[in-house]
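Inspection log for the structure reproduced underneath, given as structure tokens.
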Amino acid sequence: MKRRMRMNLEQAFHESSAGLLVTDADFKVIWANHFEEEFYNKPVIGLEVVDCHRSENREKISEFLAQFKAGAMKEFTKTAVGMIITYSSYTVDGEFAGLVRTRIRLPK
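In UniProt numbering, the protein residues as written are 1 to 108.
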């Protein structure tokens, strides 16, 4: 039953109409759902988060990510490109382990 539920949850997250993306502690994408790959028009697993952004924004993004890694920020929410975007840190054994980003389209 647990295995079946885990598979159903994984499928639900992958096919969700909300964007879901997970990074490791070094901000490399370790999981992303269908929404994210459609948004970027390419597979994103294995990419560095900074490399998913325009070159002129990369320094600002690096500074933003460093705040999470240092523990100065645990979550951040903004509205951009017609979506609500939330970044949330997660831990493993009490240590920073990465980010989960969610994106939900705003109603038109």
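Virtual Cβ for every residue (Gly too), placed ideally from N, Cα, C.
Where do the ends of the alpha helix (DSSP H) carrying residue i lie?
i           : result
residue 85  : Per DSSP, residue 85 belongs to no alpha helix (DSSP H); it is in the beta strand (DSSP E), 83-92.
residue 74  : No alpha helix (DSSP H) contains residue 74, which DSSP labels as neither H nor E.
residue 65  : 58-69
residue 197 : Residue 197 lies beyond the residue range present for the chain, which begins at 1 and ends at 108; the question has no answer from this structure.
residue 39  : 34-40
Among the options, which residue has its Cα nearest to the Cα of residue i?
i           : options         : result
residue 11  : 27, 34, 23      : 34
residue 106 : 99, 97, 100, 78 : 78
residue 96  : 80, 81, 68      : 68
Tell me the rounded alpha-carbon separation between residue i and residue j.
i           : j          : result
residue 49  : residue 28 : 6 Å
residue 94  : residue 83 : 31 Å
residue 103 : residue 46 : 19 Å
residue 44  : residue 70 : 25 Å
residue 100 : residue 17 : 16 Å
residue 53  : residue 8  : 31 Å
residue 63  : residue 56 : 13 Å
residue 109 : residue 59 : Residue 109 is absent from the model: the chain starts at 1 and stops at 108.
residue 41  : residue 26 : 23 Å
residue 37  : residue 66 : 25 Å
residue 61  : residue 30 : 18 Å
Provide the residue span of the beta strand (DSSP E) that contains residue i, from first to last.
i          : result
residue 95 : 95-105
Mind checking whether residue i and residue j have CB atoms under 8 Å apart?
i          : j          : result
residue 24 : residue 98 : yes
residue 20 : residue 13 : yes
Does the stretch 66-76 come into contact with the stretch 88-101, if we say contact requires no fewer than three beta-carbon pairs (one atom in each stretch) closer than 8 Å?
yes
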